[in-house]
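Chains as they are written, first to last, in numbering that gives the first Met the number 0: chain A, 0 to 76; chain B, 0 to 76; chain C, 0 to 76; chain D, 0 to 76; chain E, 0 to 76; chain F, 0 to 76. Read the structure below first, then the notes.
There are 6 protein chains.
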Amino acid sequence: MDNWLPTLITPTPTEGYDLAVKLSRMAIKKTQPDAAIRDRLRPEYAEDADALIAVSAVVATHFATIAAANNHWRDAT
Amino acid sequence: MDNWLPTLITPTPTEGYDLAVKLSRMAIKKTQPDAAIRDRLRPEYAEDADALIAVSAVVATHFATIAAANNHWRDAT
Amino acid sequence: MDNWLPTLITPTPTEGYDLAVKLSRMAIKKTQPDAAIRDRLRPEYAEDADALIAVSAVVATHFATIAAANNHWRDAT
Amino acid sequence: MDNWLPTLITPTPTEGYDLAVKLSRMAIKKTQPDAAIRDRLRPEYAEDADALIAVSAVVATHFATIAAANNHWRDAT
Amino acid sequence: MDNWLPTLITPTPTEGYDLAVKLSRMAIKKTQPDAAIRDRLRPEYAEDADALIAVSAVVATHFATIAAANNHWRDAT
Amino acid sequence: MDNWLPTLITPTPTEGYDLAVKLSRMAIKKTQPDAAIRDRLRPEYAEDADALIAVSAVVATHFATIAAANNHWRDAT
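Now the structure itself:
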């Protein structure tokens, strides 16, 4: 696999959040490498409130990591 | 998408908490971009105790990140 | 909304814990602003072991944040 | 309520772990103050694998906080 | 109870991980002290994917604590 | 068991993420050592959206630990 995650540094919190979303999806990709199956599962969880909240929890954990990596973007404010 | 999250810095913990709520919702928006579907799901989880507690857990994780970014607002007290 | 959370600083861990409970409930209030619905949900989760444990998890996350804000009350011991 | 949590400092990790268990239970007590109901719920979750694992997760979060408060008991080793 | 957790320090991450597994199990033991009931529950969760993943989450939280205690074993590399 | 985790240090975040995936799986292996049972469980969770999200949550917690160990790979950028 290519070097898909060269750095945790992002210019803004907005881009840091997008990276957190990306990280949350990558674990699913690595656990279920078959794109066809993932495509079949997607509508199932994208229309289920509990699953969406669970996704949001994973994003929150990754965002904490990315925010720490970026020193919470304090210098950018 | 616009720069919806320019900073994690807030004047008070109260506003930091509101930002945490916003961050918890944004992941849902990014996973389910269709506003009509989200509107349909909303009453479903807003009247379900388990879902509300799960939302609260996500807010707690984001609030930890925002509190750290603001040095826990120690200088504001 | 008023400035309901002016500070994360508390004199003792006991009061810090109470604040964590308050923070865990506030997210539910902000997601379900209708007090009548919340009152209806309350007995449902207050008598359900799984829901009570889930609430406890949220309190634990908030308590970690508040403890860090208070430098773990080390100077108070 | 009395000052049931005067400090997070414990002499050993063993006692820190016990304190984490205590903290995990206190949130349940504060959410369901009726001892009779809690007693009725107890066998329900104490014999349910999923509930026991969920309790263990809460303990883990509190133990992290207590360990940090005690500087991970590094000086005690 | 004896001093079963005298320290969080381990020589290697491998042993730190084993300690995290031990910590995750201890909360279950303390919540359900009856070994016969625990033995009866074990096959139930050891053959259930959701329960195994939930156990893994608890181990991850404890491993974070133990890694921090050991300064992430940086000096050992 | 061999020293399967000699270090948490990785050259890049990409490899750190792979290590997080490995750590998340190891707890399952240690809780259910029978490879035949694990193989039987795998399709069950690899095709279940909720289970995949739960796995992703565990990976996120481990990735936070590994990122901290590597000083968030700040020197590598």
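Cβ atoms here follow ideal geometry from the backbone N, Cα and C, with glycine treated the same way. Because the structure is a prediction, the values reported are computed rather than measured.
Query, Result
"Name the residues in the stretch 33-54 of chain D whose C-beta lies less than 7 Å from a C-beta of chain C; which are they?", "ILE36, LEU40, GLU43, TYR44, ALA50, ALA53, VAL54"
"How long is the line joining the alpha carbons of ALA59 of chain C and THR6 of chain A, rounded to whole angstroms?", "31 Å"
"Listing by chain order, which chain E residues have their CB less than 7 Å from the CB of LYS29 of chain F?", "VAL20"
"Determine, using beta-carbon pairs with one atom in the stretch 46-59 of chain B and one in the stretch 46-61 of chain A, whether at least three such pairs fall under 8 Å.", "yes"
"Alpha carbon to alpha carbon, how far is GLN31 of chain E from PHE62 of chain D?", "19 Å"
"In chain A, which residues lie less than 8 Å from TRP72 of chain F when you measure between Cβ atoms?", "THR6, LEU7, ALA68"
"Please report the straight-line C-alpha distance between PRO42 of chain B and ALA35 of chain B, rounded to a whole angstrom.", "12 Å"
"State the Cα-Cα distance for the pair VAL78 of chain C and LYS28 of chain B, rounded to the nearest angstrom.", "Nothing can be reported for residue 78 of chain C, as the shown portion of chain C is limited to 0 through 76."
"What's the gap between the Cα of ASP1 of chain F and the Cα of ALA67 of chain E?", "23 Å"
"Could you tell me the alpha carbon to alpha carbon distance between ALA45 of chain E and ASP17 of chain C, rounded to whole angstroms?", "36 Å"
"Would you call the CB atoms of THR13 of chain A and ILE65 of chain A closer than 8 Å?", "no"
"For PRO5 of chain D, name the three-state secondary structure that DSSP assigns.", "coil"
"Distance check for ARG37 of chain D and HIS71 of chain F, CA to CA, integer angstroms please.", "44 Å"
"Taking 8 Å as the threshold (beta carbon to beta carbon), is ALA26 of chain A in contact with chain B?", "no"
"Tell me which residue opens and which closes the alpha helix (DSSP H) that HIS61 of chain E is part of.", "48-68"
"For ALA26 of chain D versus ALA56 of chain E, is the C-beta spacing smaller than 8 Å?", "no"
"Looking at the structure shown, is THR11 of chain F part of a helix, part of a strand, or coil, going by DSSP?", "coil"
"Just tell me which of F:LEU4, F:ASP33, F:THR11 has its CA closest to the CA of LEU22 of chain F.", "F:LEU4"
"List the residues of chain D whose Cβ lies closer than 7 Å to the Cβ of THR64 of chain E, in chain order.", "PHE62, ALA63, ALA66"
"Between which two residues does the alpha helix (DSSP H) harbouring PRO42 of chain B extend?", "34-45"
"Alpha carbon to alpha carbon, how far is ARG24 of chain E from GLY15 of chain D?", "16 Å"
"Between the alpha carbons of ASP74 of chain F and THR11 of chain C, how many angstroms are there, rounded?", "39 Å"
"Taking only the alpha-carbon atoms, compute the straight-line gap between ASP33 of chain C and ARG39 of chain C and give it to the nearest angstrom.", "10 Å"
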